[in-house]
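Everything on this sheet refers to the single structure shown next.
Numbering (our numbering), first residue to last: 97 to 262.
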């Protein structure tokens, strides 16, 4: 009986462990910081590179190579276009355009930097974020906002792609 128990326990543990290894989390981080001295909103995003490449392929019907040796300028242009369509910001009731500054790689995460200039004060801040939700319905986009030490956060999903931070 103890041999059957050990085998059953071993099989159960194998499936439990492999389910944790195979299962992937779909989470994106978006940090927004208002810098009054510069009159700008600084935006930092963190998303998994493979997920972004897959999303760009689905959206634009072209294989992209973000963060790879054969990354092209067109890949970065498509990334910027994807962001502008899927990530929208309204400040004080007005939709604002942001400027892509740069990107860097940290392990398997692509970190992108953007900014919105000429912001005097933020009275209201509305975010619409559907990045990766069309590809992964379980995608969760966490938005963190820092306005001169006052912090707030928001969780956006496939079911709720829009929310107010301030």
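C-beta: ideal position from N, C-alpha, C; glycine also.
Near residue 233, what residues of its chain come up, given a Cβ to Cβ distance below 8 angstroms and the 5 sequence neighbours on each side ignored?
254
Could you tell me which of 128, 127, 145 and 126 sits nearest to residue 203, measuring between CA atoms?
145
Let me make sure I understand the geometry here. Which of 165, 152, 163 and 162 has the alpha-carbon closest to that of residue 180?
152
Going by other Cβ atoms of all chains shown within 10 Å of its Cβ, with 16 needed for buried, is residue 251 buried or exposed?
exposed
Consult DSSP for residue 243 and reduce its assignment to one of helix, strand or coil.
strand
Cα-Cα separation, residue 225 to residue 213
20 angstroms
Supposed close pair residue 147, residue 161 - CB separation, criterion 8 angstroms:
Going by Cβ atoms, the distance from residue 147 to residue 161 rounds to 14 angstroms, so no, they are not a contact pair.
Secondary structure at residue 250, three-state DSSP: helix, strand or coil?
strand
Could you check what DSSP says for residue 176 in three-state terms: helix, strand or coil?
helix
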